[in-house]
Every structure is written in structure tokens, then in C-alpha cells.
Amino acid sequence: MGLVAAAGAAFVLLAPPTDLIREQAITLIKERTGRDLVIRGPARFTVYPSLGVTLKDVSLSAPPGMDAPPTVAMESIDVSVRLVPLLSRRVEVRRLVLTRPVFDLRVDKSGRRSWDFASADAGSQLVRFAAASPRDTPAGTVLTDASSASHPIVLAQRAATSAAPASAPGGDRLAAVKDLVLQDVRIVGGKLTYADARSGIAESLDAINVALKARTLSKPLTARGDLAWKGQTIRFDGTLTTLYEILAQAPAKLAVDISADPIKANYSGAIDVKSGATLDGTVSAETRSLRALALWLGGKLPENNGFGQLNVNGRLKTRPGAFQLTNADITLDGMHVTGDLDGTTTGSRPYVKADLKVSELNLNTYVETSGHTGRARAPTARVPVEQETLPPAEGQGSQTPAPNATAPAGRAPQSIEDLLERQDPGPRVKGYTARAGWSDEPIEVELLGLVDADAKLSVGRLIVRDIKVDQSDLTLALKDRVAKIIFDRVDLYGGSGRGQIDIDGAAAAPGIAASIVVDGVSAEPLLKDAAAIDWLSGKGKLTLATTSRGVSQRQLVSALDGKASFVFTDGAIKGFNVAKALRGLQSGQFSNLSASSSESTDFSQLSASFDIASGVATNQDLQMMSPLLRVTGAGKVMLPDRHVDYTVNPKLVADLSGQGGNTGLAGLQVPVRIVGPWHKPDIAPDLSKVDAKQAVQAVEEIGKRLKGKDAGEVVDELFGKDSKESQKAKKFLDKLFR
Numbered sequence: 004m005g006l007v008a009a010a011g012a013a014f015v016l017l018a019p020p021t022d023l024i025r026e027q028a029i030t031l032i033k034e035r036t037g038r039d040l041v042i043r044g045p046a047r048f049t050v051y052p053s054l055g056v057t058l059k060d061v062s063l064s065a066p067p068g069m070d071a072p073p074t075v076a077m078e079s080i081d082v083s084v085r086l087v088p089l090l091s092r093r094v095e096v097r098r099l100v101l102t103r104p105v106f107d108l109r110v111d112k113s114g115r116r117s118w119d120f121a122s123a124d125a126g127s128q129l130v131r132f133a134a135a136s137p138r139d140t141p142a143g144t145v146l147t148d149a150s151s152a153s154h155p156i157v158l159a160q161r162a163a164t165s166a167a168p169a170s171a172p173g174g175d176r177l178a179a180v181k182d183l184v185l186q187d188v189r190i191v192g193g194k195l196t197y198a199d200a201r202s203g204i205a206e207s208l209d210a211i212n213v214a215l216k217a218r219t220l221s222k223p224l225t226a227r228g229d230l231a232w233k234g235q236t237i238r239f240d241g242t243l244t245t246l247y248e249i250l251a252q253a254p255a256k257l258a259v260d261i262s263a264d265p266i267k268a269n270y271s272g273a274i275d276v277k278s279g280a281t282l283d284g285t286v287s288a289e290t291r292s293l294r295a296l297a298l299w300l301g302g303k304l305p306e307n308n309g310f311g312q313l314n315v316n317g318r319l320k321t322r323p324g325a326f327q328l329t330n331a332d333i334t335l336d337g338m339h340v341t342g343d344l345d346g347t348t349t350g351s352r353p354y355v356k357a358d359l360k361v362s363e364l365n366l367n368t369y370v371e372t373s374g375h376t377g378r379a380r381a382p383t384a385r386v387p388v389e390q391e392t393l394p395p396a397e398g399q400g401s402q403t404p405a406p407n408a409t410a411p412a413g414r415a416p417q418s419i420e421d422l423l424e425r426q427d428p429g430p431r432v433k434g435y436t437a438r439a440g441w442s443d444e445p446i447e448v449e450l451l452g453l454v455d456a457d458a459k460l461s462v463g464r465l466i467v468r469d470i471k472v473d474q475s476d477l478t479l480a481l482k483d484r485v486a487k488i489i490f491d492r493v494d495l496y497g498g499s500g501r502g503q504i505d506i507d508g509a510a511a512a513p514g515i516a517a518s519i520v521v522d523g524v525s526a527e528p529l530l531k532d533a534a535a536i537d538w539l540s541g542k543g544k545l546t547l548a549t550t551s552r553g554v555s556q557r558q559l560v561s562a563l564d565g566k567a568s569f570v571f572t573d574g575a576i577k578g579f580n581v582a583k584a585l586r587g588l589q590s591g592q593f594s595n596l597s598a599s600s601s602e603s604t605d606f607s608q609l610s611a612s613f614d615i616a617s618g619v620a621t622n623q624d625l626q627m628m629s630p631l632l633r634v635t636g637a638g639k640v641m642l643p644d645r646h647v648d649y650t651v652n653p654k655l656v657a658d659l660s661g662q663g664g665n666t667g668l669a670g671l672q673v674p675v676r677i678v679g680p681w682h683k684p685d686i687a688p689d690l691s692k693v694d695a696k697q698a699v700q701a702v703e704e705i706g707k708r709l710k711g712k713d714a715g716e717v718v719d720e721l722f723g724k725d726s727k728e729s730q731k732a733k734k735f736l737d738k739l740f741r
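4 is the number of the first residue of the sequence shown in our numbering; add one for each residue after it.
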């Protein structure tokens, strides 16, 4: 009898019943999940050094009624358990290797998930077979021998029963495997696909290689591996407090490091899979290029010099369709941001609510492209007009100055004529290149469509071109590509301001509206940074209320409507002293007519207002008051064509009444016409509009101090002998005294 038992044991060890093992595996899976386990390949059984089985060409069906590929299919599964612990009714998995598995995770239109595993229905009992044959049974269950690939083993149907067997609750089933040891669990060359029929989302992960280890299911689980997604290899290394908690859908602790070429990140905190993968812990992430990261994730950021280095730290909380990042510490392109963000991802676009403090925001980074700095500083050398950068003539290329030449901009007046007849191109907006004109390139408003947002921002320093704004408090409301920016407080150049900017990016032609008031600003640093003008000082108030719409910069300028005004008080025009020059004329001295950096002409007030319609700004009330000079002016500035048509009326007066003085005081008034393109207007006195009687009186007053010099000598000393101005002045004097 003992010999028979020994022979039987030897037979089992040398020729194990592989078909029976496969059958039991199929039955067990059907019993526990209600799904079909299909084993098309042969089975191999081992007993040394551990007890194990290898199954080839294995798949597990999708849930009943779901028309989908198998939830998992693999080339092979290799399982081995330690024999000695098994004799003590303990399972220690020495090795579990899934080779080239394909996981198909999907959500159907009703919301049913393919990875939800349910136990068999309580009202039925699985039929168990001691043997198998390739024929139909009366119960309709087919179980075929899988000795070849053409004869799969499939348990396709249950037999009905009136009595339901007692089944242990889910917690009891988990408790039974709580001490399961996972010594070496690996996925080799796997693939995972995900598809949601409700949203149309589809993703796939390839080349998945994972190694898992856990002393038991109730002990910490370590995972290390890599996978491929969208052309990049993602490496990960993490620790989970217990796999048992995840299987029981209880909160667990997770620490994981993730790295790929576009990004590095780590997370440490809680994870709960009961209602989706919710997180609550600390997170950090960094990328060398936010632009490259966005492109990898399927987005696109506008072309500019920004969206480079990004670092994010904070406490992250997530729930299905929502996230919260508190105590955020973010660095982007050298800009430091702190605060809190809340967001949802369930709408047509993400929604973000933020309360942030920004150290410094340099908008130049996000409006300029490589090779263009946008900073055109005032030149220090004067070049002839013909060497300036000019727009290309019809059919010709652009004309550029000599390599070392710089165009004049913002130059202080060099003579009394410069106060009335500036011959240089005049101030230009920083970053403007004359030959470029207004751009016809479409304005990019894609950023407005990335998210909807409500944000409160406190910006310590804001830079736009060379304009520098100090503390700014603003709110942003962005919805459906329409943005409203309210400036509650703006500190700049010694003054303060407030205003609102609305941007409509939803229409075919983007629209913009601005309403801004700044008061108490220092004119000199503001104008120097904004337009390279460094010869005008004073305290000022500026107002702007404009609207426009267009698909390009040119269209926006051409459609500009609104009003603008400025008032500067208690200021000066640097580089020339009108009062000193006039006192010299009264005594017959002409040495005070040249420019001097230490001299200036004070004014009590300089003001103007503009009505803007279709890109044309019309002014009727330019006024400057100073002790010895009154200036009025009127005209138009054609913004689309970059042309000006303006008349300035300077008047020399005989008193020092200053602000509030009578602009009708007797004195010499010489209108000056300024007509032509911005870069090179024609500037000349309109002698036909000079009051001859006033001119005679003024010249006679000056002549009293000339001590016998004739008019020709006076003119030569004033304007230079044989100059064009000298000839014009002599003709004018001849006309006066004819």
C-alpha cells in the first residue's frame, strides 16, 4: 500500500495534472469575478525549487454584456509559490510574472467600468468538472482541452441552482489573503489602453515594466519601473503603505517619484481609490520648459520668450473632477508666485480660482519672440536724417543706417527753435521700428481659451516694455474667452492709478476696451521709459477711455475710438532757458540761444485732450503756460497711417503771470505747422499767419537794445550767416518794415 502511495506521489510530481490545474483556475476566476478566463496555450507545472505553474496565451474577458476586447490578455503568466509555507496553509508568492500583458480599461456610455470585478451572482452555482471533452454538454457548458492553440478551455455558462451557497463577504475574502507574500511580482513589456465612451478620451501606455515587492499584502509595497507615453519614457519609484488597503478601498499612504525628460515630480501623502484616485499630500514638480511640457501633454502655448523653467511646490488635494493647491510656491521664468488655487476639470474647459502674490511680472517675456528685446533706448548720438531707418519705398527694401549710427529719439531741445520746430522724428513708442509699421499678423488669443478663471493678484512689480509699475492689486475674471481685468490699485512713477481692461477673445475679431486714470505721476521717468523723452518734467494726470476690435494690430489701431487727455503741472522743458534767452535779447546778447543741459524752461501747466474716432485723434485745446511763453495748439494724429497734421501757436508774453494768465496778452505769436509721417514730419513756421503789427512791436522792443546793429547783423547772429533760416528771417523783416 505504501508502495502504491509512493508511486502515486511520484507520478503527480513527474506528471502533474496540468489540465485539471487549468480547469480549476478557470472555475475559480469565474466564481470570483463572473468573467471568462481563456487559456489557449499549454500549461507547465513545476515543483522544485518552488511549486508553480506557467500558463501561455491567457486572457480575461470584459464584463458580461460589454462589447469590448478582453480586459487583460497576456503572452504568459508565470506563478510560483514556496512549498514549505504552503504546507502550513500560507501562500508566499515567490514569483508572479506577467509577460507582455495588454490591459484594456474602458468606460461604456452607461458609466460601467471594465475593471470593476464582481463576484458570481448569488442565485447560481458554477458547474465543476472532473474531466473535459470537446463536446457540448446538456447544460450548454463547453470546456475543451487546451493541448493545442486551436482548442481553448472556456467556461462559458453556469448551471442554474435553486440554492445559493454561502459566500464570505468581501472583507472576509480579503482577510484570507492579508498575509499573502509577494516576493517578486513583475510586468514585462506590458501595454495599457484607456477609453471613455462618454467623453471620447482615449490614452495608451506602452513598454510597461514594473517590479513589485511586499512582505505581505498588509506590509509596505514598493514599486519601481518605467513606461512609454507619447514618445517619452516615464520612470517611477514609489512606496505604498499596504496593497491590502487599496484592495479594501481604504485610504493608504503613497510616496512616489516620477521623472521623464519633460518633467520631474514627486508626491507624498494619502491616496483613496474608493471614489476615484483622490490625493491629499505634498507635491513638487519641475520642468526645464513649460512650453515643451505643454506640447507633450497635447497643448500649445503662444510663441514668445516665456514659459521656460517652472518649479511648483504645495499641498495638493484632489477629488473626481477637482483639485486644490494650497500654500503654493511657484517659480516661472524667474517670477515668484505664492498663494492658493482651486480648480475643476468637469466643464468644457478647466476652471481655476486663485489668490496669488506675484513678486515681479515681466510682460515683455510673454509678448516678445527670440531676437527681439523690445527695448529701444534713447540714443546718445545724432545722425543725419537721411541715415535714419525709414520705411521701404515702393518696390524697394528697407533702408538702414550705418552700423554705428543711432537714430535721434527724445533729444533735448538744442535751441529756441527746437522748442517750436523740432526737426528730429520726435518721440517713438519703445520697441517701435519705423520700417515695420503696424503688424498685420493675427493676434493670438489662444491663452484666453485654455481655462476659465477668477483670480485675485497682488503684483509687486510689473514691467511692460520699459514702463515699470510698482505695487498693483488687480482682479481677473475670465469666462468663455472673455477677460475682465480690474486694477484696484496701481502705484507707478510716484503716483497712483486705477482702471479696467476688457478683452473679448470669443468673437471672430478680438475686441479690447480700456478705461484708465493715473494721477500724480512724475512725467520725466514715465516719458523716458514710455517714449524715450527725457526733456520734460512735472507732475501729471493721464486719462484714457478707448475701445477697438480687429484681428491684427493694424485693424485694432484703425478701429480705435474713445478719448484721452493729459495735464502736467509745475514742470519744465529741459535743455533751454527761454526767459534767460529773452533777457539776453533785450540787452543785445545772443550767447544764451544755445542749448545747455543745466538750463530749463519752467511751465505752470501743459495740457491737452483728444477725441479718437476710427484711429484718428483730434485735439483742439493744447495749452502750455509759462512765465514768458504761452503755447496753444490743435490738429490731428492719424494713427493708422502714422501721420500728423498739427499747428502749434507759441506766443512770447511780457509778464510773469504763469498759470491762469491771459493768453491774449500782447506778444509775438508765430504759428508752426507740423505735417507728415511720424518718423520725418515737415516742421515750419507759418509766416502767413503772423500778426504783422505784433511782430513789429516785438522787434522794435528788441531793437531798442541792439545798440545800432542793423537787422541783417541781428539775423546773422540769431540764425547763422547764410543759413536758410537767416534768409527767411531777413525776408520776413523786410516784409515787416517795408
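Just so it is clear, CB atoms sit at the ideal spot from N, CA and C, and this is done for glycine as well.
Please read all numbers here as calculations on a predicted model, not as lab measurements.
With distance defined between alpha-carbon atoms, name the residue in the options nearest to residue i.
| i | options | result |
| --- | --- | --- |
| Leu-477 | Asp-483, Lys-303, Leu-54, Gly-500 | Gly-500 |
| Leu-465 | Thr-347, Ile-488, Leu-563, Asn-365 | Asn-365 |
| Val-467 | Gln-672, Met-69, Val-370 | Val-370 |
| Arg-227 | Thr-242, Gly-234, Gly-574 | Thr-242 |
| Ile-29 | Val-61, Leu-250, Glu-449 | Val-61 |
| Val-110 | Leu-101, Arg-93, Gly-68, Leu-530 | Gly-68 |
| Gln-235 | Arg-116, Asp-187, Lys-216, Leu-208 | Leu-208 |
| Ala-575 | Phe-569, Ala-567, Ser-603, Asp-564 | Ser-603 |
| Asp-345 | Glu-363, Gly-324, Ser-540, Gly-337 | Gly-324 |
| Gly-114 | Thr-245, Leu-319, Asp-199, Trp-441 | Asp-199 |
| Asn-652 | Leu-530, Ile-446, Ser-629, Thr-635 | Thr-635 |
| Ala-205 | Leu-220, Lys-233, Thr-281 | Lys-233 |
So does residue i have its beta carbon nearer than 7 angstroms to some heavy atom of the ligand ADP?
| i | result |
| --- | --- |
| Thr-341 | The model on display carries no ligand, and the ligand ADP is accordingly not part of it. |
Measure the alpha-carbon distance for residue i versus residue j and round it to whole angstroms.
| i | j | result |
| --- | --- | --- |
| Gly-498 | Val-521 | 7 angstroms |
| Leu-185 | Asp-358 | 46 angstroms |
| Gly-301 | Ser-607 | 59 angstroms |
| Val-84 | Arg-97 | 5 angstroms |
| Arg-218 | Lys-112 | 40 angstroms |
| Asn-212 | Val-105 | 12 angstroms |
| Arg-103 | Ile-237 | 18 angstroms |
| Glu-34 | Asp-119 | 15 angstroms |
| Val-50 | Lys-277 | 39 angstroms |
| Leu-298 | Gly-279 | 27 angstroms |
| Leu-423 | Ile-519 | With a pLDDT of only 42 at Leu-423, under the threshold of 50, the placement of this residue in the model should not be trusted; the figure read from the coordinates follows. About 31 angstroms. |
| Pro-353 | Arg-633 | 59 angstroms |
| Val-647 | Ala-611 | 16 angstroms |
| Val-361 | Lys-194 | 43 angstroms |
| Glu-95 | Glu-78 | 24 angstroms |
Taking only three categories from DSSP, how would you classify residue i?
| i | result |
| --- | --- |
| Thr-383 | Its pLDDT being 34, under 50, Thr-383 is placed unreliably by the model, and the measurement read from it follows with that caveat. Looking at Thr-383 - three-state DSSP - the assignment turns out to be coil, as it is neither helix nor strand. |
| Tyr-369 | helix |
| Trp-299 | helix |
| Thr-36 | helix |
| Tyr-51 | coil |
| Leu-632 | strand |
| Gln-252 | coil |
| Ile-536 | coil |
| Arg-557 | helix |
| Val-355 | strand |
| Arg-201 | coil |
| Val-485 | strand |
| Pro-684 | coil |
| Glu-449 | helix |
| Lys-59 | strand |
Please check the pair residue i and residue j, which I expect to be a contact at CB under 8 angstroms, by giving their CB distance rounded to whole angstroms.
| i | j | result |
| --- | --- | --- |
| Pro-643 | Val-554 | At roughly 15 angstroms, the Cβ-Cβ gap does not stay under 8 angstroms, so Pro-643 and Val-554 are not in contact. |
| Leu-304 | Thr-290 | At roughly 12 angstroms, the Cβ-Cβ gap does not stay under 8 angstroms, so Leu-304 and Thr-290 are not in contact. |
| Leu-479 | Ala-510 | Leu-479 to Ala-510, Cβ: 19 angstroms. No contact. |
| Thr-650 | Pro-688 | Not confirmed; about 11 angstroms, so no contact. |
| Gly-514 | Ser-551 | 7 angstroms |
| Leu-744 | Leu-631 | For the chain, the structure presents residues 4 to 741; residue 744 sits outside this window and is missing. |
| Leu-230 | Ala-210 | 6 angstroms |
Fill in: contact_flag[the region 286-299, the region 249-256] where n(CB pairs < 8 angstroms) is 3 or more
Using a Cβ-Cβ distance cut-off of 8 angstroms, the region 286-299 and the region 249-256 are not in contact, since fewer than three pairs of beta carbons, one from each stretch, lie closer than that value.
Worksheet item: Does the region 502-519 come within contact of the region 534-542, defined as at least 3 CB pairs closer than 8 angstroms?
Response: no
Practice prompt. State whether the region 259-272 contacts the region 325-334, with contact taken as three or more CB pairs (one from each stretch) at a distance under 8 angstroms.
Written response: Taking a cut-off of 8 angstroms on C-beta distances, the region 259-272 does not touch the region 325-334, as fewer than three cross pairs fall below it.
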